Structure formats: structure tokens, C-alpha cells
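Protein chains in written order, with the working numbering: chain A, 1 to 251; chain B, 1001 to 1251. Idealized CB from N, CA, C, for every residue including glycine. Owing to the predicted nature of the structure, the values given are computational and were not obtained by experimental measurement.
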DNA sequence: GGGCACGTTTGATCTAGGTCAAAGAACGTG
DNA sequence: CACGTTCTTTGACCTAGATCAAACGTGCCC
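Encoded structure:
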């Protein structure tokens, strides 16, 4: 099904300009590879999928073939319980990987849906594994990426398990801010791609609560929100929200 | 592509005696490897650590060298926030791996402490990676183990983000039960190794709430608990607890 | 084996956040 | 551009679970 042709150098140059931004190198592998290796690596990317807002990248239950790297756009993924409850497990932006949950059973365990039109690189996992066998640095990088997902999830568990509503939202906003900043976008003002309800699902809160906390932060001069557009007015203040809620450890 | 030879029962018996206690084979790699490969694999295990109740297997901030496989015993791991809040991120029993969070940054991000005297296999990660480069099936298995951790964490996020106290505890107990059963122990009666407070931390509840829900389940004839010893009286009933709390999706 | 620290249970309150409701605001679509 | 739909805000109220408090068990250590 994959039409994987071996490319010549000239092709590669062209390819890079075509799917430039979609190179794994740029995306998530800023590591010292030899040109030859990068060449091979580039060929890992099988498809360049374009996913429209609202479309699924994959659905729970679908067979696993590939990992996906977000080239541009914004996605969410969520698991749903039998009774229809939906728990957003992550929001994914440029340079991030999705689909790693599916390696475990060769079946996707969550739905991934685009919150805005997105470009996605599909990376057949078998190929990635094979290649990472010959390029140790890639292997290590793959492991780091999976490990990072585990660390991230632990952070969310901390958030869900022991933070108050205001702390959760502050932590969430700061995390988004930091991720945008790391990608060269403004970390102090951007458009939220998700609804209040989706934020709530991610944070274990109801949408009304999310809305109220937004309003409170705005009153306090920490941020300014109008609809999906948010501006950070007092990052230090936001950071201070986290942790100041639990005053009472036994003395 | 993996050279998967199916082992004969006799081989397996022999292998088990050779690399008895701490063999990765027994622990977590019940997969078709050639004897030669298993031999090499066994040498992966560097130390055989014995950790006493209350001892740390590792602490947050410690440099990462190895993954750990639990040979026997019971551990918890937890992250702690600046202000001292502790969030238990997992309980680990025989055959499970810990330490994968540290791959990401080469530093452990959580504390792992033994809840009872435990035997642990230390597996130097560099060696494991090197070996998995030459044994595709091991490589795949490692990836599956990491992916399984991600899936598990997503499950906890669902639990923390959208379940009520009773559902959380029921889900927790059923999970423990299933894990004991999968290891050949009774899934219907066992000793809880952790305190109510640790259960609470894991489930995002206070210890009093955990205790109250235990009592409620006992009154309802679902379980019988005395102290740390628990017996399951009505597994179907316990399962039914999960999901029956959210009756009201918009009709 | 006695004492003490720790873990557990249960009760009485309190409150953060959920629920219900309603009105506006933005947005995408024909 | 008008309309319906979806998203957001805000208010009033309520409840699940937190908090505070006290008593009791248990098991560990000297």
C-alpha cells in the first residue's frame, strides 16, 4: 500500500522543499545525524496527510500502523468510556507525536481529532523501528519521545489528583504558553484552539467552572480573555496561583 | 521480520531453571526468543537488588541508568509538587517495569519506594537498547511496555477526570484483582499493600473518603475488608458500580 | 510484652465545584 | 445576510467529598 520509492539526492532536495516543514528532522529530531542518515530518515515519512477541522486522524479501535507527527495545526485526543463520558487526554501541536498508545496492542486506544485544519506526517512504525535499529541516536530519540509522554501524563495525574480548579487552569495555560513559546510563537498571547468544555474535560472540570475561573483570572488582572483569544498580563501571578492553595501542611 | 522461533516446553523449562529468579523471560518477555538470545538477554540484568520496605528504589533527581523490573514485592511511585503535595502515580507488582519516565531527561522524575520487601532486577538501559537493536522482537516488546504505561496513564486520567469516588475505588480494586489474577494469585482475596492514604492519593481522594467507600461497599455486600485484607464478594456488582453514576446524558 | 506511633473508622460540619437555567455572543451555512 | 447552532457567561442552588475531630485498632520496636 505504501509506494516507497528510493530517492536520488536531487529528489531529496526537492522533497525537502516540498514537504520541508514535514521533515522529521525539523519536527522532532534536532540531533546530530549524518546527511546520509537524514536522507533515509526523510523517507520514513510515508504520507503527508491533511486533516480538516473536525476530522479524525484515527479512531479508537482502528488497527495501528503508524505514528503521526503534527506538522502544523492542532489536535486533541480523548478516550471514551462505555457510558459516553469523554476524557480528553491531550492536545497536540506542531512538532508533537501522537499515536504511541497504540503500540501496546496494535490497536488505537483513543480518538484523535483535528481542532483546526492540520498537516500530519504519517510514519509507519515498522519502518521507524527498523531504522532506529541501525541508527542508535534515532532509537534513543524515539525512546525519549515515548518517555516524555509518560512524564507528561504523570504531570496531568498530579494536576487532576491534587490541584484545585484555579491551579489546574493556571497550570494548563502556562503549559500552553510555554509550548507556543518553545515553537517560536508568542507565549503571551494566542488563540485557544479548544472549547471551554474540552479544557474542562482535560482538567477534570465542568465548562462552567472553566469559564468562571477565566473570568476570575481576568478580574484579577492575570490574563485577558475574549472568547478564544487570550493574553497573559501577569505570568508571575499565574505561576503564583499554583501552590498557594494548599496552605496547610501539618506544621 | 523478527526471527520468532517458538520454543518447546522443554526448552522453556530449562531456561527457567537457568535464569530462574530474575530472568526477563519470566518477568515480562514471554515471547519467542532463541535460547542463544535468551542467554544474552539474561546477561542484561546487572544487579539483583533487594529493597526493604520503606526503602527507595530511586529518588526524583537521581541520574538515570537503568530500568527496573519487579521480580517480587510491591512498590509505589509518586511525584511530588514543590509545596509537598504527593501524587501517587502507580503501584507496581511482580513482572512490571518502573523507571521509564527517566528516559526522557536522563533523570528520574519520581520517587519509587518499596511498600514491602522486594526483589528488583536492574537493567542498564544502554545495554537494553543495544540488545534490542539486534533482536527486533525485544525491541518491539520494549516499545509495547512503554506504550502500555502510556495507556495505563490515560486510564488513570479518565478515572481522575471523570469518575466519582465510588467508581474510582471500584475501578482500582478491579484493576488490582485482575493483575493478581494474571499472575496466578487469587484475584478475589488478597492483602492491600498500601495505606488508605496512598490509595487516596492515587485516586485523587482523601483517606477518609476511601475509608467510607470501603465501608459502603462492605455494607452493600460487594466486598469484605478488614484492615488490609480484602475479599471480593460480588465482582459483577463492583463492575456495575462503574458507569452507573452518570445516568444523565442529555436525552 | 508494654507502650507508642501509625493507620483506620466514623461522625459533624463546610465548601468547592457541580448542576440547572437562561441569556448573549460568535460562527458557519444556505 | 439571516438563521440556527454551538459556545460562553453568569446566577442561584445543591451535593459529593473535603475538612476537622475524636476514638479505636494494630503492629512495630525496645
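Residues that residue i bridges to, as DSSP identifies them
i               : result
residue 1049(B) : 1120(B)
residue 79(A)   : 87(A)
residue 58(A)   : 112(A)
residue 72(A)   : 119(A)
Under 7 Å between C-beta atoms of residue i and residue j
i               : j               : result
residue 1093(B) : residue 1146(B) : no
residue 1074(B) : residue 1129(B) : no
residue 143(A)  : residue 1079(B) : no
residue 1047(B) : residue 1096(B) : no
residue 1192(B) : residue 1228(B) : yes
residue 1051(B) : residue 104(A)  : no
residue 125(A)  : residue 67(A)   : yes
residue 1089(B) : residue 157(A)  : yes
residue 233(A)  : residue 223(A)  : yes
residue 1189(B) : residue 1231(B) : yes
residue 56(A)   : residue 106(A)  : no
Beta-carbon proximity list for residue i, same chain, < 7 Å, skipping 5 on both sides
i               : result
residue 1242(B) : 1167, 1170 and 1171
residue 209(A)  : 165 and 200
residue 1225(B) : 1214 and 1218
residue 30(A)   : With a pLDDT of 48 at residue 30(A), under the threshold of 50, the modelled position of that residue is not reliable, and no figure is offered here.
residue 59(A)   : 108 and 111
residue 1179(B) : 1093
residue 1014(B) : Because the pLDDT of residue 1014(B) is 41, which lies under 50, any placement of that residue in the model is unreliable, and the number read from its coordinates should be weighed accordingly. Cβ within range, chain order: n/a, list empty.
residue 196(A)  : 207, 210 and 211
residue 102(A)  : 64, 108 and 109
Under 9 Å by beta carbon: chain B residues contacting residue i
i              : result
residue 146(A) : 1100, 1103, 1104, 1143, 1146, 1147, 1149 and 1150
residue 173(A) : Per Cβ cutoff of 9 Å: no residues; residue 173(A) is ~17 Å from chain B at best.
residue 201(A) : 1161 and 1162
residue 121(A) : What residue 121(A) touches in chain B: nothing, since even the nearest Cβ is about 19 Å away.
Residue i: first and last residue of the uninterrupted beta strand (DSSP E) it sits in
i               : result
residue 232(A)  : 229-232
residue 1223(B) : 1223-1226
Same chain, Cβ closer than 6 Å to residue i, neighbours up to 5 away in sequence not counted
i               : result
residue 1009(B) : Confidence at residue 1009(B) is low in this model, with a pLDDT of 47, below 50, so the placement of that residue should be treated as unreliable; the coordinate-derived value is given next. Taken in chain order, the list of residues that qualify is empty.
residue 91(A)   : 76
residue 1022(B) : Its pLDDT being 44, under 50, residue 1022(B) is placed unreliably in this model, and the value from its coordinates should be taken loosely. So the list reads 1045, 1048, 1071 and 1121, once near-sequence residues are dropped.
Within chain B, partners of residue i - CB distance below 7 Å
i              : result
residue 79(A)  : 1154 and 1158
residue 209(A) : Result: empty, since nearest Cβ-Cβ is about 13 Å, beyond 7 Å.
Bounding residues of the alpha helix (DSSP H) (the contiguous stretch that carries residue i)
i               : result
residue 191(A)  : Counting along the chain, residue 191(A) falls outside any alpha helix (DSSP H), though it belongs to the beta strand (DSSP E) covering 189-191.
residue 125(A)  : 125-134
residue 1064(B) : Looking at the DSSP string, residue 1064(B) is not in any alpha helix (DSSP H), and its letter there is neither H nor E.
residue 1200(B) : 1196-1203
residue 180(A)  : 165-182
residue 1218(B) : 1207-1219
Partners in chain A for residue i, counting only beta-carbon separations shorter than 9 Å
i               : result
residue 1204(B) : 157, 160, 161, 162 and 204
residue 1243(B) : 81, 82, 83 and 85
residue 1136(B) : 129, 130 and 133
Chain A residues whose Cβ lies nearer than 7 Å to that of residue i
i               : result
residue 1139(B) : 129 and 133
residue 1089(B) : 154 and 157
Cβ-based neighbour list, residue i, same chain, cut-off 8 Å, excluding 5 preceding and 5 following
i               : result
residue 1086(B) : 1078, 1079, 1080 and 1201
residue 1249(B) : Summary for residue 1249(B): the model assigns pLDDT 39, below 50, so the residue's position carries little reliability; its value from the coordinates is reported in the next sentence. Excluding sequence neighbours, residue 1249(B) sits near nothing in its chain.
Cross-chain neighbours of residue i in chain A, by beta carbon under 8 Å
i               : result
residue 1109(B) : 151 and 154
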